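Down below is the structure, laid out as structure tokens.
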Amino acid sequence: MAKIFAVTIIVIAILSAIPILRHTWWMAPDISTHGAPIDEQMSETMAEAGISFLASQILLAIFIWKFSQSKPGEKIRSFPGGAMTMVIGAFLLVGTEVLALGAFGAKAWASIYFTAPAPNAMPIQVQAGQFAFYFRYPGPDGKFGPLHPDMISEASQNVYGLDIDHDPDAKDDIVTAEMAVPANREIHLLMHAKDVGHSFFVPELRVQQDFVPGLDLSIHFTATKVGRYEIVCTQLCGLGHYNMRTYLSVLSQQDFEDWLKKQAASQ
Amino acid sequence: MHDMSAHAHVAHHAPPTSFIRKHIFSLDHKVIGKQYYGLALLAVFVGMFLSWLMRLHLGWTNLTIPGLHLLSSNGAPGNVMTPEYYLQLMTMHATIMVFFVLTTAPFAAFGNYFLPIQVGAEDMPFPRFNMMSFWITFAGFVVLVSSFFVGDGPTLGGWTQYAPLSAVGSVAGPGEGSGVVLWAISIALFCVGQLLGSLNFITTTLDMRTKGMSLWRLPLSTWAWFITSVMGLTAFAVLMPACILLILDHVAGTSFFVPSNLVISDQVQPHSGGSTLLWQHLFWFFGHPEVYIAIVPGMGIISHVLIANMRRPMLSHRTLIYSFGALAVLSYMVYGHHMFVSGMNPVSSIAFSFPTLIITIPSTILVLIWLGSLYGARLRINTASLFALGFISMFISGGVSGFFLAQPSIDIMLHATYFVVGHFHMVMGVAAMFGIFAGTYFWFPKMFGRMMNETLGKVHFWLTFVGTYCIFMPFHYLGLAGNVRRYQAFVVDYMQPLVPVHRFITVAALITGAAQLIFLYNLIHSRFWGEPAPENPWQATSLEWSTPSSPPPFDNFGGKLPVVYHDPYQYGVEGSTGDYVMQDSPEQIETVRDEG
Amino acid sequence: MATTIHEPPRIEERRHPSPISGSGNGSGRGLVPAGGNLRSVQEYAPPPASTGIWVALAAITMSFAALTSALVVRKGGAPDWRHFTLPSILYANTLVLLASSVTLEISRRRVATFMGGLRSRVANPARWLYVTLSLGLLFVAGQYAAWRQLSAQGLYLATNPSSSFFYVFTAAHALHVLGGLGGLARVIRKLNQFVLRRSTLDATSRYWHFMDVLWVYLLVLLLMKL
Ligand code: HEM
Ligand SMILES: [Cu+2]
Ligand SMILES: [Cu+2]
Chain D
8 MAKIFAVTII VIAILSAIPI LRHTWWMAPD ISTHGAPIDE QMSETMAEAG ISFLASQILL
68 AIFIWKFSQS KPGEKIRSFP GGAMTMVIGA FLLVGTEVLA LGAFGAKAWA SIYFTAPAPN
128 AMPIQVQAGQ FAFYFRYPGP DGKFGPLHPD MISEASQNVY GLDIDHDPDA KDDIVTAEMA
188 VPANREIHLL MHAKDVGHSF FVPELRVQQD FVPGLDLSIH FTATKVGRYE IVCTQLCGLG
248 HYNMRTYLSV LSQQDFEDWL KKQAASQ
Chain B
3 MHDMSAHAHV AHHAPPTSFI RKHIFSLDHK VIGKQYYGLA LLAVFVGMFL SWLMRLHLGW
63 TNLTIPGLHL LSSNGAPGNV MTPEYYLQLM TMHATIMVFF VLTTAPFAAF GNYFLPIQVG
123 AEDMPFPRFN MMSFWITFAG FVVLVSSFFV GDGPTLGGWT QYAPLSAVGS VAGPGEGSGV
183 VLWAISIALF CVGQLLGSLN FITTTLDMRT KGMSLWRLPL STWAWFITSV MGLTAFAVLM
243 PACILLILDH VAGTSFFVPS NLVISDQVQP HSGGSTLLWQ HLFWFFGHPE VYIAIVPGMG
303 IISHVLIANM RRPMLSHRTL IYSFGALAVL SYMVYGHHMF VSGMNPVSSI AFSFPTLIIT
363 IPSTILVLIW LGSLYGARLR INTASLFALG FISMFISGGV SGFFLAQPSI DIMLHATYFV
423 VGHFHMVMGV AAMFGIFAGT YFWFPKMFGR MMNETLGKVH FWLTFVGTYC IFMPFHYLGL
483 AGNVRRYQAF VVDYMQPLVP VHRFITVAAL ITGAAQLIFL YNLIHSRFWG EPAPENPWQA
543 TSLEWSTPSS PPPFDNFGGK LPVVYHDPYQ YGVEGSTGDY VMQDSPEQIE TVRDEG
Chain S
9 MATTIHEPPR IEERRHPSPI SGSGNGSGRG LVPAGGNLRS VQEYAPPPAS TGIWVALAAI
69 TMSFAALTSA LVVRKGGAPD WRHFTLPSIL YANTLVLLAS SVTLEISRRR VATFMGGLRS
129 RVANPARWLY VTLSLGLLFV AGQYAAWRQL SAQGLYLATN PSSSFFYVFT AAHALHVLGG
189 LGGLARVIRK LNQFVLRRST LDATSRYWHF MDVLWVYLLV LLLMKL
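These protein sequences, in sequence, are chains D, B and S. Everything in the first sequence is counted per the numbering used here, starting at 8 for the first residue and increasing by one. Everything in the second sequence is counted per the numbering used here, starting at 3 for the first residue and increasing by one. Everything in the third sequence is counted per the numbering used here, starting at 9 for the first residue and increasing by one.
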């Protein structure tokens, strides 16, 4: 029984590792300018965690195999070096490993979160509400009109609560249900939650950020590859959570301008 | 003579005679332990049943499940589960499992039964509190389950109950009104129950040890329960007021967690200025220690079980205890790792990341000591030791994914995906369950005086071990591919190719779940018709095997407390008659020292 | 529970030779443990009630600490926070509660003398306990009056976060004081039945004094923050 158990552990460990090594299921290719350190950190961690995983499982299996066979009367032996080796080993190996991961990880994090958006970054607002995202472009005047929560109305399609009649800034605001951005242009995304908590996740863009009701946050990113990607909500927000999604189109500058004009015309 | 001492006070209480006093409102820690075990057993089968329904739905979204409308006609019209009903089942599954199974079974059930015996006491010092602890917890369970039948059903907000979804009321969705209130009442009750339990555990360990039982002579299981009760005391004392504030937001119209100007169904909500992150801070301050409350007793139990089956003490008794302690202390400094992308200050993310990474050091020490102790041992393979070894394997597999989640940069990709679900199911769910199983197969003879069936036990082990890997390993792959958690169907384009993986998982989950029925059968059958247990079936050394009978008499040691002469794990003793010496045996031996 | 044997209470002894009561590490028969680990064998363990009360106080402290941090977070950056003046009766209540601690201390001494066998010198040891109990009740009534004062000003639980926190803190504290009153009543009952144990009395009074300290802390907190 012990031998079968040992073999089973090893087989499970190796089978578990195969899809990882072959990248059968893996992160979608990165299309952002800030994602490289994340990917690097991921592979680094995968290597170290993978080695720890395989080594410990195999060691466990070997010991089970070997030490369940002892003949009666055989004396108990102890691991040479005893517990102290274990403790020192854990501190040295895992300690340096996690400090290194922590330091590089912190650097990667800082490169994303501790930088301000460039002054010429393009502002786009996104509003998350039960179960849809809406995007707002400031229009030719470059200004967003103020929000009036009491004027929000699904029926009249005023999802943001804009007062077009009285706020001149709101007049030319363009509200869309999908997002489009020009490639290679920094975007400053202003995040606003209409009702409960939501999240903005685009795997290809290496972006995930919660919407916090009552607290407007912003993130910034640059998409480099033209294409159509999905934006999904990752914060449980109610019964339609699974279907709260829309598309992000990364367009060439020309295509983007055409798109924006078309959207403006249909307002 | 009337003795003034508090212990004597406990010692003198006479065995009850009425049925109610004996089996229902009993003050006996052993009966209370069994009651907790029974509650956990009931809860785990309810929770598992819910997970079956969830898994079926995730594999085949439009599946008709015959009879489902009987459970809820709104939730499953035409026997097809609605999206909201899926989330409601999911929330109940998680809450039942985390609170009423993983906290009650390894901690409250086994702890109640064995902690007093292992320290050599006749009972806990406050038996009335102990009884209340169980019945309040039970009331919490009843309140939680009752939400299935009240109003528009249980809450759908997940076991984390993030505000404002949880705090604005039924406008936010089905179950977000009365469902959340019942949830919060249930959890607040649960907290009170566990606070009373922790109070007893701590005082028993500190004050009720028998003669000769110094702290270092306590078995590892007792240490684990003791450290867990200290964590419980701190964590549940924070969650309870948080639940009360949540209830007030519902029933009294306060705005602790609901900010201004929320618009739901075109209506501006009548709340102002509340802080949604406040709930997250309060919840996770409890929540992270809670995962250690679930796992540390398991670590103690499997160490205890393994030692008896390795016929040698651990390489270092004290290092294990210090590591438990380190986990407990660190668990309060890491909770922010659940909030990396929550909008919390990004500097805090880094501040929370380092302690989270550092917590892997005591975890690694534990694993290395377990592995190192196997070296040169005379390992006996039985169901209990198989589950104990399986625990180690699961703990390793679940632990390594912690390296990823501890780093905020990687968490951008993995937060709220199935990767997290895989991580915590393996390390907390399955590992803790393995601890419960190991404890059950090991201690059943003591608790019921009969042996469990080994053949059935091994079948149960094999199906469970392979099955849980088949279920939870693929979760990690799904997470890497960006599969978001808490989705009732995978309509997102890039998730549709992942549905076959979900189907595989569903099949594995059904089989593994069915295997648990073997365990249930074994439990019930052995309880009544099992082979009578010998006095000390595992040739183990700690005090629970020194009681005069199995199950132990009302006062545990038959009117005479044991005196302890030895460290807890004197196996492989030189020059002794057997290869082990009981803790209370006056035999003079050369103490088996560990190289600590 | 305890089979109550009606015999006059005595001062609690630290060690007791009965083999049954030999819990708490090494009291009793004086056998030498074989492991040679004598150093680590304690001689005396405190009665569980005195450990238990510290543990309970730790849990209560944790809960109020959680509420305090909730107050700090909720107030920070909230535009809707309205200040109000605390009802003046609170100061009178504070004095009442502090006085009750003094009377409890007096009665504790008297009961100790009484239990020490000097019964003739202490006519009615429970008298000061009754005084303490009444002061405690007066405090709770005073807190109720404070709530009435506030609601007369139109400040209810949900009016503003500041009033919400006021009610939550004072109600949570009052509930704990009511628990303490229950404990005092139990002490009086046991004293009258001659089954009071010293550790019970000590634990109850420790709890009571803690309610004082907690209240003073809360008063300062509310003064500063509301
Ligand atoms: C090896 C050390 C560990 C590390 C470094 C670690 C790290 C983490 C991190 C960072 C998260 C948050 C992931 C996210 O939300 O994005 C997490 C989630 C979780 N962990 Fe661990 N963990 C460790 C061990 C444990 C243990 C021992 C348990 C249980 C006994 C556990 C149970 C959980 C649970 C239940 C969650 C999910 C919470 C949710 O619903 O979001 N973890 N872990
Ligand atoms: Cu959403
Ligand atoms: Cu955590």
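The C-beta atom is built at its ideal place from N, Cα and C for all residues, glycine as well. Quantities reported herein were computed from a predicted structural model and do not represent experimental measurements.
Closest by CA to residue i, which one among the options?
i, options, result
"residue 175 of chain B", "B:376, B:266 and B:330", "B:266"
"residue 409 of chain B", "B:455, B:354 and B:384", "B:354"
"residue 227 of chain S", "S:187, S:218 and S:98", "S:98"
"residue 170 of chain B", "B:161, B:180 and B:162", "B:180"
"residue 512 of chain B", "B:46, B:20, B:86 and B:57", "B:57"
"residue 20 of chain D", "D:254, D:161, D:60 and D:53", "D:60"
"residue 212 of chain B", "B:427, B:590 and B:585", "B:585"
"residue 420 of chain B", "B:587, B:39 and B:489", "B:489"
"residue 83 of chain D", "B:573, B:590 and B:588", "B:573"
Contact criterion: CB-CB distance below 9 Å. Does residue i meet it with respect to chain D?
i, result
"residue 383 of chain B", "yes"
"residue 261 of chain B", "yes"
"residue 7 of chain B", "Only weak support is given to the placement of residue 7 of chain B: the predicted model assigns it a pLDDT of 37, under 50, and the question is left unresolved by the model."
"residue 591 of chain B", "no"
Along chain D, which residues have their Cβ under 8 Å away from the Cβ of residue i?
i, result
"residue 498 of chain B", "In chain order: nothing, as chain D lies at least about 11 Å away."
Grouping DSSP H, G and I as helix and E and B as strand, with all else coil, what is residue i?
i, result
"residue 236 of chain D", "strand"
"residue 193 of chain D", "strand"
"residue 203 of chain S", "coil"
"residue 70 of chain D", "helix"
"residue 49 of chain D", "helix"
"residue 130 of chain D", "strand"
"residue 56 of chain S", "helix"
"residue 181 of chain B", "helix"
"residue 172 of chain B", "helix"
"residue 42 of chain S", "Low local confidence applies: a pLDDT of 42 at residue 42 of chain S is under 50, so the model's placement there is unreliable, with the coordinate-based value given in what follows. Note: residue 42 of chain S maps to coil in three-state DSSP."
"residue 515 of chain B", "helix"
"residue 44 of chain D", "helix"
"residue 187 of chain D", "strand"
"residue 152 of chain B", "coil"
"residue 217 of chain D", "strand"
Counting only beta-carbon separations shorter than 9 Å, does residue i have a partner in chain S?
i, result
"residue 204 of chain B", "yes"
"residue 22 of chain B", "no"
"residue 209 of chain B", "yes"
"residue 439 of chain B", "no"
Taking C-beta pairs closer than 8 Å, name the residues in chain S that residue i reaches, listed in chain order.
i, result
"residue 190 of chain B", "Near residue 190 of chain B there are no residues of chain S at all, since even the closest Cβ is about 11 Å away, more than 8 Å."
Find the residues of chain S that neighbour residue i, judging by a C-beta separation of less than 7 Å, and give them in chain order.
i, result
"residue 257 of chain B", "169"
Counting only Cβ pairs nearer than 8 Å, list the residues of chain B close to residue i.
i, result
"residue 70 of chain S", "235, 236, 239 and 240"
"residue 81 of chain S", "277, 279, 280 and 283"
For chain B, check one thing: does any of its Cβ atoms lie closer than 9 Å to the Cβ of residue i?
i, result
"residue 186 of chain D", "no"
"residue 85 of chain D", "yes"
"residue 172 of chain S", "yes"
"residue 219 of chain D", "yes"
"residue 75 of chain S", "yes"
"residue 95 of chain S", "no"
"residue 119 of chain S", "no"
List the residues of chain S whose Cβ lies closer than 9 Å to the Cβ of residue i, in chain order.
i, result
"residue 127 of chain B", "55, 56, 57, 59 and 60"
Unbroken alpha helix (DSSP H) runs of length 4 or more, entirely within the segment 413-471 of chain B: which are they? 420-426 and 433-450
Fully enclosed by the segment 220-307 of chain B, which alpha helix (DSSP H) runs are 4 residues long or longer? 222-253
Would you mind listing the alpha helix (DSSP H) stretches within the segment 54-126 of chain S that are 4+ residues and don't spill past its ends, in chain order? 56-83 and 97-123
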